[in-house]
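Asker: Input: one structure, supplied below.
2 protein chains.
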Amino acid sequence: MQGVPVLTAVEQAIGAELLEAEKILAEELHSDNPYVSDILQHSTRFRGKRLRPMLLLLAAKAAGGIRQDHKVLAAVVEMIHLATLVHDDVLDDAETRRHVATVNARWNNETSVLFGDYLFTHSFHLASSLETTDACRRIGHATNIVCEGELSQIKERGNLDLSEEAYFKIIDGKTAELTALCGHLGARYALAEPAVITAMEQYGRSLGLAFQIADDVLDLMGNERKTGKSLGSDLQKQKLTLPLIRLLQTASDQDTSEIRQILAHPEESTRDRLIPYLERSDAFDYTNKRAKALAQDAHRQLESLPNTPAKRILSEIADFAVQRSF
Amino acid sequence: MQGVPVLTAVEQAIGAELLEAEKILAEELHSDNPYVSDILQHSTRFRGKRLRPMLLLLAAKAAGGIRQDHKVLAAVVEMIHLATLVHDDVLDDAETRRHVATVNARWNNETSVLFGDYLFTHSFHLASSLETTDACRRIGHATNIVCEGELSQIKERGNLDLSEEAYFKIIDGKTAELTALCGHLGARYALAEPAVITAMEQYGRSLGLAFQIADDVLDLMGNERKTGKSLGSDLQKQKLTLPLIRLLQTASDQDTSEIRQILAHPEESTRDRLIPYLERSDAFDYTNKRAKALAQDAHRQLESLPNTPAKRILSEIADFAVQRSF
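Structure (structure tokens):
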């Protein structure tokens with residue numbers, strides 16, 4: 006990911022605070038137990054985009070300024086995200102993440118389940134080091150919704166009639182709730198006005214939705230080498246995402262019946278077999294338009310903020326969300 | 006479990022408060038999502054001994070009196086316990102719990118993982134409804150240790166040389182940390198003196214250890230019909246527990262080699278094949294003595310408390326811990 010301009014700008018604007026958040030995270034997760042310590046060590050190699058702490062700190066900076074609490078909260082949201090990733094990898098039987106073996110592949114599913122729990126409990130432990138229960142309460146609420154979103158996703162697996170509305174409800178829960186929380190907490194703990202807090206929360210929500218749509222497109226069309234993770238898992242697990250929902254809505258009767266046949270019997274070649282249908286449809290165009298509209302909404306939410314480097318970066322992140330290929 | 010005298014006494018002493026805690030739990034876990042609601046409905050059928058809320062409320066009553074916060078905390082600890090049970094059932098591939106199909110058996114492993122997460126996040130959400138972060142912080146810390154204990158248990162699976170010390174460290178983390186927390190929070194939120202808080206915490210710890218040892222004996226020698234859960238899973242998963250550790254320490258060389266052979270290749274008949282070795286050893290006597298010593302320690306911790314019905318019941322629970330057959 007080196008050389009991506011927006012990330013270089015992030016580095017300049019909040020690099021020091023991100024590092025401090027990392028340090029808080031590492032201290033919270035320190036363990037004297039050699040087994041736990043090994044897993045922790047391994048999991049630091051899943052170094053990702055750090056999107057959530059970045060959002061939280063940038064929202065703080067754009068809305069009034071970064072305080073010590075923000076760094077703690079940035080570590081908390083990253084830990085929650087990591088917990089959901091570890092459990093997702095169990096659910097998806099994923100073998101690699103960020104070019105590194107997943108915890109379930111390297112150890113086993115049991116270890117992954119418990120390690121995810123460990124990350125969840127530590128995130129709450131860390132959140133409760135703040136002075137009031139306010140953040141704990143909001144984090145608790147958001148994570149409740151994340152879990153409901155993930156449960157709905159499991160329930161809808163194999164449902165080839167999934168509606169767009171149901172799809173958006175799922176990704177709003179499993180992804181956008183947490184990014185919305187980042188915007189909210191960033192602004193709230195910068196002591197911003199209620200209207201700014203609401204705008205930053207909505208920024209986070211729209212951005213999260215746009216990111217998730219892009220992620221779903223990558224799972225369908227991405228390059229495993231570039232993304233560094235196992236792809237095609239949505240198809241293997243019969244999780245319908247926006248391009249496929251659109252494809253099924255718009256294809257001819259003949260095509261629809263063939264596509265349903267392919268989706269109903271997942272195999273290695275499923276991705277390749279779907280490509281011709283996708284290419285002669287407007288599925289990717291349509292999906293891209295929906296993602297762009299969300300990025301536009303994210304931009305709009307930033308309008309009332311003063312012009313600062315942090316605001317500019319948040320704006321660029323919204324563009325990046327719909328252009329990325331990793 | 007009807008007709009167990011100690012439970013009738015509990016009912017009389019704190020029945021109303023236990024019911025209120027149940028109500029708080031049910032309200033926290035209410036969901037408008039039909040899938041989540043179904044799972045919640047199903048999971049209420051795992052109605053267990055309610056040991057943890059009971060302990061917390063009895064400790065409160067014995068140490069000064071039950072307040073509203075105690076009922077919330079009782080719901081929180083039960084929810085955490087339920088979360089660990091749901092994840093344990095995934096880890097153990099268990100099919101029944103309290104005579105009812107487990108979540109993984111009725112739905113699937115993915116749903117169990119996420120439903121366990123859902124219970125964890127709700128427990129923290131509920132804990133953060135209290136006025137200060139104090140309970141959140143303590144609950145976060147205790148659950149961190151629970152997860153480390155469970156992870157150590159996974160690591161030691163298949164280790165036929167597990168020491169007593171390592172076994173005690175594991176059960177102290179995975180079980181006794183939470184029962185110790187119940188004693189601690191019960192006394193603390195009853196505004197008891199520090200010495201009383203420490204004594205109630207130690208009571209909870211010793212009791213938790215005694216209960217876990219009894220549970221491990223039941224897994225080896227219990228009756229599935231009576232306990233209402235899948236048994237023998239420790240052997241299937243090659244988890245060494247106290248009777249087996251003792252057996253391996255004291256058996257003749259010839260027997261030891263045969264026992265190790267049996268343990269190393271778990272099958273349906275493993276329990277039955279071990280019985281003759283266990284019967285001609287002091288393994289159960291020894292285990293029973295260790296559990297009784299812990300129950301004795303629990304009794305000792307109660308000495309400084311005034312004589313109340315709540316204290317008497319805590320004392321009886323310590324006896325019950327080592328006599329139960331379910």
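These protein sequence lines are chains A and B, in that order. Residues in the first sequence are numbered consecutively from 6, following our numbering. Residues in the second sequence are numbered consecutively from 6, following our numbering. Backbone N, C-alpha and C fix where the C-beta goes; we use that ideal spot for every residue, glycine too.
Tell me whether arginine 102 of chain A sits in a helix, a strand or coil according to DSSP, three-state version.
Answerer: Looking at arginine 102 of chain A - three-state DSSP - the assignment turns out to be strand.
Asker: Assuming threonine 203 of chain A and proline 248 of chain A make a contact with CB atoms under 8 angstroms, what is their CB distance in whole Å?
Answerer: Incorrect: roughly 31 angstroms between the Cβ atoms, too far for contact.
Asker: State yes or no: is the C-beta of alanine 88 of chain A nearer than 7 angstroms to some heavy atom of the ligand NAD?
Answerer: This structure does not include the ligand NAD; it has no bound ligands of any sort.
Asker: Measuring only the C-alpha atoms, how far is leucine 190 of chain A from glycine 213 of chain A?
Answerer: Between leucine 190 of chain A and glycine 213 of chain A, the C-alpha separation is close to 15 angstroms.
Asker: For alanine 64 of chain A, does the three-state DSSP call read helix, strand or coil?
Answerer: Looking at alanine 64 of chain A - three-state DSSP - the assignment turns out to be helix.
Asker: Please tell me whether arginine 317 of chain A has its Cβ less than 8 angstroms away from any Cβ of chain B.
Answerer: Judged by the 8 angstroms Cβ criterion, arginine 317 of chain A is not in contact with chain B.
Asker: Thinking C-beta only, is serine 48 of chain A closer than 8 angstroms to valine 108 of chain A?
Answerer: Result yes, Cβ atoms of valine 108 of chain A and serine 48 of chain A sit closer than 8 angstroms.
Asker: Check the Cβ-Cβ distances between tyrosine 194 of chain A and every residue of chain B, and say whether any is below 8 angstroms.
Answerer: Chain B contact via Cβ: absent.
Asker: Quick one: what's got a C-beta closer than 8 angstroms to alanine 197 of chain A's C-beta in the same chain, skipping five residues either side?
Answerer: These residues qualify, in order along the chain: Ala68, Gly69, Met205.
Asker: Roughly how far, in whole angstroms, is the beta-carbon of leucine 124 of chain B from the beta-carbon of leucine 87 of chain B, given that I think they are within contact range, below 8 angstroms?
Answerer: Going by Cβ atoms, the distance from leucine 124 of chain B to leucine 87 of chain B rounds to 5 angstroms, so yes, they are a contact pair.
Asker: Rounding to the nearest angstrom, what Cα-Cα distance links cysteine 152 of chain A and lysine 179 of chain A in this structure?
Answerer: Near 7 angstroms, if we compare the C-alpha coordinates of lysine 179 of chain A and cysteine 152 of chain A.
Asker: Between which two residues does the alpha helix (DSSP H) containing glutamate 263 of chain A stretch?
Answerer: Taken as a continuous stretch (DSSP letters only), the alpha helix (DSSP H) holding glutamate 263 of chain A covers 258-269.
Asker: Per DSSP, what kind of secondary structure is phenylalanine 133 of chain A in: helix, strand or coil?
Answerer: Looking at the sequence shown, residue 133 of chain A is not phenylalanine but serine. Serine 133 of chain A falls in the coil class under three-state DSSP.
Asker: Taking Cβ-Cβ distances shorter than 8 angstroms, what residues in chain B pair up with valine 201 of chain A?
Answerer: The contacting residues do not exist; valine 201 of chain A stays about 24 angstroms from chain B at best.
Asker: Hey, could you find the ends of the alpha helix (DSSP H) tyrosine 291 of chain B is sitting in?
Answerer: Residues 288-306.
Asker: How would you label arginine 142 of chain B, buried or exposed, when you count the other beta carbons within 10 angstroms and need 16 or more for buried?
Answerer: Per the 10 Å Cβ criterion, buried.
Asker: Could you round the C-beta distance between lysine 327 of chain A and alanine 215 of chain A to whole angstroms and report it? I think they count as a contact, below 8 angstroms.
Answerer: Looking at the sequence itself, residue 327 of chain A is valine, so the reference to lysine does not match. Contact flag correct, Cβ pair sits at about 6 angstroms.
Asker: Going along the chain, which residues of the segment 19-41 of chain B sit with their C-beta nearer than 7 angstroms to a C-beta in chain A?
Answerer: Listed in sequence order: Ser36, Asn38, Tyr40, Val41.
Asker: Looking at leucine 240 of chain A and tyrosine 282 of chain A, is the spacing between their C-beta atoms short of 8 angstroms?
Answerer: The answer is no: Cβ separation not under 8 angstroms.
Asker: Exposed or buried, glutamine 158 of chain A, counting other C-beta atoms within 10 Å across all chains shown (16 or more means buried)?
Answerer: Answer is buried; the Cβ neighbour count reaches 16.
Asker: Using a beta-carbon distance below 8 angstroms, is lysine 244 of chain B in contact with chain A?
Answerer: With 8 angstroms as the cut-off, lysine 244 of chain B does not count as an interface residue toward chain A.
Asker: So the alpha helix (DSSP H) tyrosine 282 of chain B belongs to, where does it begin and stop?
Answerer: Unbroken alpha helix (DSSP H) run through tyrosine 282 of chain B: 275-284.
Asker: Looking at the structure shown, is tyrosine 194 of chain B part of a helix, part of a strand, or coil, going by DSSP?
Answerer: Coil.
Asker: CB serine 211 of chain A to CB alanine 303 of chain A, shorter than 8 angstroms?
Answerer: Cβ atoms of serine 211 of chain A and alanine 303 of chain A: closer than 8 angstroms.
Asker: Here's a check: name, in chain order, each residue in its chain whose Cβ is nearer than 8 angstroms to the Cβ of arginine 317 of chain A, leaving out the five neighbours to either side.
Answerer: Excluding sequence neighbours, arginine 317 of chain A sits near Ala14.
Asker: Using the C-alpha atoms, what's the distance from aspartate 290 of chain B back to lysine 28 of chain A?
Answerer: Looking at the two C-alpha atoms, the distance is approximately 50 angstroms.
Asker: Pick from B:Leu60, B:Thr261, B:Asp98, B:Ala31: whose alpha carbon is nearest that of alanine 18 of chain B?
Answerer: Taking only the C-alpha atoms, the option nearest alanine 18 of chain B is B:Leu60.
Asker: Would you please verify whether the beta carbon of threonine 49 of chain B is less than 8 angstroms from any beta carbon of chain A?
Answerer: Chain A contact via Cβ: absent.
Asker: Can you pull the chain A residues whose beta carbon is under 7 angstroms from the beta carbon of isoleucine 159 of chain B, in chain order?
Answerer: The answer, in chain order, is Glu115, Thr116, Leu119.
Asker: Looking at the structure shown, is glutamate 155 of chain B part of a helix, part of a strand, or coil, going by DSSP?
Answerer: Helix at glutamate 155 of chain B.
Asker: Measure the C-alpha to C-alpha separation of phenylalanine 173 of chain A and alanine 132 of chain A and round it to an integer number of angstroms.
Answerer: One C-alpha to the other measures close to 29 angstroms.
Asker: For chain A, is any of its Cβ atoms less than 8 angstroms away from the one on tyrosine 172 of chain B?
Answerer: Tyrosine 172 of chain B does not count as touching chain A.
Asker: Does the beta carbon of glycine 145 of chain A sit closer than 8 angstroms to a beta carbon anywhere in chain B?
Answerer: Closer than 8 angstroms: yes.
Asker: DSSP state of histidine 35 of chain B, grouped into three classes?
Answerer: Note: histidine 35 of chain B maps to coil in three-state DSSP.
Asker: To the nearest angstrom, report how far apart isoleucine 144 of chain B and isoleucine 280 of chain B are at their CA atoms.
Answerer: Cα to Cα, the separation comes out at about 40 angstroms.
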